Structure formats: C-alpha cells, structure tokens
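Note that this note's numbering has the sequence shown beginning at 232, numbered continuously upward.
The structure under discussion appears below in the form of structure tokens.
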Amino acid sequence: MRAFYYTAVAEDRELSTLRPLVDWLDYNGFAVVTKPLKEFTDAQGRRRVKGNMDIELAIDVMEMSGCVDHFVIFSGDGDFRRLVKAVQRRGKRVSVVSTIRTLPPMVADELRHQADNFIELDDLKSQIARDNGSKPAPAFTPAQTDA
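Here it is, written out as structure tokens:
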C-alpha cells in the first residue's frame, strides 16, 4: 500500500501553515509530493497564489496503473474524471472520497458518477475526526517507501 499527499507550499517552508502536517505525513510513511506556490497579481491588482497539483497526481497515477489495482483519490475536482476513466480502461478500480453534503457540494457530479465507488467524507467523520482537540489515532499505517 502506498499513500501519497500532494500540496503546493510557500517558498519559505518554515513559515508555511502546512509545515506541521507535511512533516507528520512524511515522518509517518506518506510519499509527500510538493511544489512551490506561484505568486501573481490578478487583473484587479490583488496578490494571489496558485498551487495546482493536478498534473503531478495524474502522472503518478498513470505511471502506477500498471501495478496498482485500486486507486483511492481524495478530491472532488471534476478535472480528474478523464484520469479516472483512463485508468478504468486499464481495468483498475477507482474510489473517490469527497462530499456532497456541503453547499455547494465539494465533488463534481461527473467525477462522482465516473468513480467505481464514491465515499462520502462525512461518513468517515467518526473514524478520522479529532475529539475535543485531541489527535485521532491513525486509521492505518501506510507502507514505508524506499524511494
């Protein structure tokens, strides 16, 4: 079993609010895939940041599709529908974890319908939520990677 976490991080990683999470995941056997956030100024002159990891995830899924039977993607991004369809054509199963219980729903209908299995994130709450601010015990321990 492999578990990957994809995120864009600020250039100065020491100041990133994601730093504790990224460090914990890395220490606990997740393959953490990062790239720097890109800063730009929008048409109204406001400073914005962008950190899309779609292509990194898609390439990794396609590369691993020869040796993985079942992918579980925690995302609601409809852009992943074509990726899901592509690996399904290779005979692989894909589960998508997201939520339809928010307004608006956080999962695109086309992604939810393309997946072999849709898992409502809210249904996992009792297994993964913090109780009174304490950290939950890990539900599983991902395998360590040699890479």
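Every residue, glycine too, gets a C-beta built ideally from N, C-alpha and C.
Because the structure is a prediction, the values reported are computed rather than measured.
Boundaries around Ser329 are those of the beta strand (DSSP E), Arg324 to Ser329, since no alpha helix (DSSP H) includes it. Collapsing the DSSP output to three states places Arg279 in a strand. When Val299, His301, Met293 and Pro336 are compared, the shortest CA-CA separation from Ala317 is found for Met293. Across the structure, Glu242 and Gly276 are spaced so that their CA atoms are roughly 21 Å apart. Residue range Ala262 to Pro267 is occupied by the beta strand (DSSP E) that includes Pro267.
A Cβ-Cβ separation of about 6 Å places Ser306 in contact with Ser329 under the 8 Å criterion. Proximity of the stretch 338 to 355 to the stretch 296 to 314 meets the contact definition, three or more beta-carbon pairs being nearer than 8 Å.
DSSP, reduced to helix, strand and coil, places Glu270 within a strand of the structure shown. The beta carbon of Met284 sits closer than 8 Å to those of Tyr237, Thr238, Ala239, Val264 and Lys266, all from its chain and outside the five residues before and after it, given in chain order. Considering only Gly297, Pro251, Thr248 and Phe261, the residue with the shortest C-alpha distance to Phe235 is Phe261.
Judged by their CB atoms, Ser296 and Lys323 are nearer to each other than the 7 Å cut-off.
Where Val303 is concerned, the enclosing beta strand (DSSP E) starts and stops at His301 to Phe305. Straight through space, the alpha carbons of Ala274 and Gln358 are spaced by roughly 43 Å.
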